[in-house]
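J.: For the first sequence, the UniProt record's numbering assigns the number 1 to the initial residue and increments by one for each residue that follows. Attaching a single structure in structure tokens format; questions to follow.
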Amino acid sequence: MADGSSFYVTTPIFYVNDVPHIGHAYTEVATDVLARWHRQAGDDTWMLTGTDEHGQKILRTATANGVTPQEWADRLVSSAWLPLLQTVNIANDDFIRTTEPRHEENVQRFLQKLYDDGHIYTGEYEGHYCVGCEEYKQDADLVPGTGEYAGQEVCAIHSKPVELLQEKNYFFRMSAFTQRLLTLYEERPDFVQPESARNEVVSFVRQGLDDLSISRSTFDWGVKVPWDDSHVVYVWFDALLNYITAVGYGVDEEEFARRWPAHHIVGKDILRFHAVIWPAMLMAAGLDVPRGVFGHGWLLVGGEKMSKSKLTGIMPEHITDTFGSDAFRYYFLSAISFGSDGSFSWEDLSARYHAELANGFGNLASRIITMIERYCDGSVPSVAVLTDADAAISALEKTVTDASWQAINRCAIHEAIAAVWELVNALNGYLTTEQPWMLAKNPENRARLETVLAVAYHGLGTLAVLLSPILPTAAAKLWSALGAAGLVQEQRIDRAYQWSVGTRVAQLAGLFPRIEAVE
RNA sequence: GGGGCGGUAGCUCAGCUGGUUAGAGCAGCGGACUCAUAAUCCGCCGGUCACGGGUUCGAACCCCGUCCGCCCUACCA
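Structure below.
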């Protein structure tokens, strides 16, 4: 059960130069559902998201567009990234930008401490640098170029030439933490989830870690290295620190102690930064490592991974404009086992929308509310004598409440939804079996009719509470149609079946109307 | 080269440390019902569990090998 303890959960901060696609929205939605669920269970919850705004790529794009990098970042944050949160209905508690003083100042504070404590040294680095990747590439990462770059070695990811750079760099002695990291993975098997992601990380660290170059002097769009302002901090080193600068690191010890450590939800492509580099940085600074790092899978479109660099992404609005934000949230979290890759297709989305949301849940709500209006004049009925069938519904309400909460505690979002859906299906079956419309034809069956409708009504309310994190809009509409008091998101989800019934139902517009033509 | 993950009904996927006739959802087919968003409920159809060996009383699950897909990592150059 929830005990009011701290639950701090983060998304990665997104690189503002990218265009938001459904992969970004997927990460946001998954994290938001975990946060909403914990919040609704009474945990001291905090959800953080934000944007990563430094680095050479942004500087170059801004210059090409004739504006300062700060102006460029401002523009993208307001035109693309904040709207994304609205599009998929994210209830984040904070939004951090790496260009904010609260971040930059404390990145410097963190770095200075590592420097003072001997974790940083001066070195020389030479290598092939890919501007697109913001990192030096190994030879193996290079492939022969084609087309206009024929004859040159190009980055395998961006298919653009790399640059041979040599610079004085400051290095973080990450190699010194190899053993401590392995011990961490050993002692806390769930530190990296899922299992497949953990295996990758462990085998990587077992090969031994190199020290990490953490500064750049070839451009200046970044956080200044405090003891050498001719260098700026490497963008990843800078970015990772958002997780602590956003909750008071260095300035508000009370807040920091209350929130940290966090659960990090990330795409598996950036797992290593979060499961290796980041804990090593924290160890060096004498801070707690995260509670856990969960690497979710990729969305596959036509069997291929969506790529942020190659713009094969689908915009979230394409989906929400037709199906709504609730459907977006439901679809990606129920259809994909959280942690695995998942296939997206319009056909599958449409099929699941109609089968599960429209015909399953939406229609269930509609038939129950309508019958109470028609047979009870809208007045919420109460139970008389309970049959086994009635008791089975009540028992199931508790079962799925417990099962879904347990699943959420394992980050098994899809399992939580599947558990709740057992109640949706059971209630549809219950109505078919009990046939309240038949009972209504004979006044002698009045008590039984009211009992059946009361049981169904109660189950529907439990669904509203349980589905609130996933379908916040629909759940709120349903809650109000049920005539229940307060806001649905304020109802304790870990005991959803104990909600307080209302006295009168109100008309309910279709929660998930059928959608006839899909592009 | 080393390593990881995966290859299960038309589609998307479950199948924990091996144990009776391999499961679900969707799609398809048939029936019941009418409160409801032409919705719901029931039943049926449907698989040589990538392939070849092996271990075992018994393997989708363990071992060896092969093929295919994706990913991580190295190196020769």
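Don't be surprised by glycine CBs; every beta carbon is placed ideally from N, CA and C.
Can you confirm whether the segment 447 to 467 touches the segment 400 to 407 when touching is taken to mean that 3 or more C-beta pairs between the two stretches lie within less than 8 Å?
T.: Taking 8 Å as the limit for Cβ pairs, the verdict is that the segment 447 to 467 does touch the segment 400 to 407.
J.: Would the segment 496 to 509 and the segment 42 to 49 be scored as touching if the rule is three or more Cβ pairs under 8 Å?
T.: Cβ pair count under 8 Å is below three, so no.
J.: What separation, rounded to the nearest whole angstrom, lies between the Cα atoms of Asp238 and Val251?
T.: By 1-based counting over the first sequence, the position of residue 238 is 238. By 1-based counting over the first sequence, the position of residue 251 is 251. Roughly 17 Å separates the two Cα atoms.
J.: Is the Cβ-Cβ distance between Gly222 and Lys268 less than 8 Å?
T.: Start at 1 with the first residue of the first sequence, and residue 222 comes out as number 222. Start at 1 with the first residue of the first sequence, and residue 268 comes out as number 268. Not in contact: Gly222 and Lys268 (Cβ atoms no closer than 8 Å).
J.: My output table needs one value for Ser343: the three-state DSSP class, helix, strand or coil.
T.: In the first sequence, counting from the first residue as 1, residue 343 sits at position 343. Strand at Ser343.
J.: Measuring only the C-alpha atoms, how far is Thr433 from Leu466?
T.: On the first sequence, residue 433 is found 433 positions in, with the first residue counted as 1. On the first sequence, residue 466 is found 466 positions in, with the first residue counted as 1. Rounded to the nearest angstrom, the two C-alpha atoms are 24 Å apart.
J.: So, using beta-carbon positions, are Pro472 and Gln491 closer together than 8 Å?
T.: Looking up residue 472 in the first sequence gives position 472. Looking up residue 491 in the first sequence gives position 491. Their beta carbons are not under 8 Å apart, which means Pro472 does not touch Gln491 by this criterion.
J.: I'd like to confirm something about Ala91: is its beta-carbon nearer than 7 Å to some heavy atom of the ligand GDP, or not?
T.: Summarising the ligand content, the structure contains no ligands, and the ligand GDP is consequently not present.
J.: Quick test of your reading: Pro316 and Ile22, contact by CB under 8 Å. State the CB separation rounded to the nearest angstrom.
T.: Here residue 316 refers to the residue found at position 316 of the first sequence. Here residue 22 refers to the residue found at position 22 of the first sequence. Indeed, because the Cβ distance is near 5 Å, the residues count as touching under 8 Å.
J.: Tell me, to the nearest whole angstrom, how far the beta carbon of Trp455 is from that of Val383; I am working on the premise that it is less than 8 Å.
T.: Sequence index remark: in the first sequence, residue 455 carries index 455 (1-based). Sequence index remark: in the first sequence, residue 383 carries index 383 (1-based). In the sequence as displayed, the identity of residue 455 is Val instead of Trp. Between Val383 and Val455 the Cβ distance is about 6 Å, and since that is below 8 Å, they are a contact.
J.: Let me know the secondary structure DSSP gives Tyr243 once reduced to three states.
T.: For the purposes of this step, residue 243 is taken as the residue at position 243 of the first sequence. Looking at Tyr243 - three-state DSSP - the assignment turns out to be helix.
J.: Within 10 angstroms of the Cβ of Ser66, are there 16 or more other Cβ atoms? Answer buried if so, exposed if not.
T.: Taking the first residue of the first sequence as 1, we reach residue 66 at position 66. In the sequence as displayed, the identity of residue 66 is Gly instead of Ser. With fewer than 16 Cβ atoms within 10 Å of its Cβ, Gly66 is classed as exposed.
J.: Report yes or no: do three or more beta-carbon pairs, one from the segment 273 to 293 and one from the segment 110 to 120, lie closer than 8 Å?
T.: Yes, they touch.
J.: With the cut-off set at 8 Å, would you say Ile214 and Val233 are in Cβ contact?
T.: For this step, residue 214 is matched to residue 214 along the first sequence. For this step, residue 233 is matched to residue 233 along the first sequence. Yes, they are a contact pair.
J.: I think Leu333 touches Val33, with their Cβ atoms under 8 Å apart; what is that distance to the nearest whole Å?
T.: For the purposes of this step, residue 333 is taken as residue 333 along the first sequence, with counting starting at 1. For the purposes of this step, residue 33 is taken as residue 33 along the first sequence, with counting starting at 1. Sure, about 6 Å apart at Cβ, within 8 Å.
J.: My understanding is that Tyr125 touches Asn169, with C-beta atoms under 8 Å, so please give their C-beta distance in whole angstroms.
T.: Sequence index remark: in the first sequence, residue 125 carries index 125 (1-based). Sequence index remark: in the first sequence, residue 169 carries index 169 (1-based). Going by Cβ atoms, the distance from Tyr125 to Asn169 rounds to 5 Å, so yes, they are a contact pair.
J.: Residue range of the beta strand (DSSP E) that His264 falls in?
T.: The sequence position of residue 264 within the first sequence is 264, counting from 1. Taken as a continuous stretch (DSSP letters only), the beta strand (DSSP E) holding His264 covers His263 to Gly267.
J.: What's the C-alpha gap between Thr11 and Arg188?
T.: Within the first sequence, residue 11 is the residue found at index 11, counting from 1. Within the first sequence, residue 188 is the residue found at index 188, counting from 1. Roughly 21 Å separates the two Cα atoms.
J.: Roughly how many whole angstroms lie between the Cα atoms of Ala64 and Tyr26?
T.: Locating residue 64 in the first sequence gives position 64, counting from the first residue. Locating residue 26 in the first sequence gives position 26, counting from the first residue. Between Ala64 and Tyr26, the C-alpha separation is close to 31 Å.
J.: According to DSSP, is Lys441 part of a helix, a strand, or is it coil?
T.: Within the first sequence, residue 441 is the residue found at index 441, counting from 1. The answer is coil: DSSP assigns Lys441 none of H, G, I, E or B.
J.: Taking the straight line between their C-alpha atoms, what separation do you get for Phe273 and Leu357?
T.: In the first sequence, residue 273 corresponds to position 273, counting from 1. In the first sequence, residue 357 corresponds to position 357, counting from 1. The straight-line gap from Cα to Cα measures roughly 37 Å.
J.: Can you give me the start and stop residues for the alpha helix (DSSP H) that Asp228 sits inside?
T.: Reading the first sequence from its first residue, position 228 is the one you call residue 228. Here Asp228 belongs to no alpha helix (DSSP H); instead the beta strand (DSSP E) covers Asp228 to Val233.
J.: Could you check how far apart the C-beta atoms of Ile369 and Val266 are, in whole angstroms? I think they sit under 8 Å.
T.: Counting from 1 along the first sequence, the entry for residue 369 is found at position 369. Counting from 1 along the first sequence, the entry for residue 266 is found at position 266. With 8 Å as the limit, Ile369 and Val266 do not qualify as a contact, their Cβ atoms being about 41 Å apart.
J.: Only counting the same chain, and skipping five residues up and downstream in sequence, which positions put a Cβ closer than 7 Å to that of Ala416?
T.: Reading the first sequence from its first residue, position 416 is the one you call residue 416. So the list reads Ser404, Ala407 and Ile408, once near-sequence residues are dropped.
J.: Could you check if Asp326 is buried or exposed, using at least 16 other CB atoms within 10 Å of its CB as the buried criterion?
T.: Here residue 326 refers to the residue found at position 326 when the first sequence is read from its first residue. So Asp326 counts as buried.
J.: Considering only C-alpha positions, which residue in the set Arg36, Trp260 and Val289 is nearest to Phe177?
T.: Locating residue 177 in the first sequence gives position 177, where the first residue counts as 1. Cα-wise, what sits closest to Phe177 is Val289.
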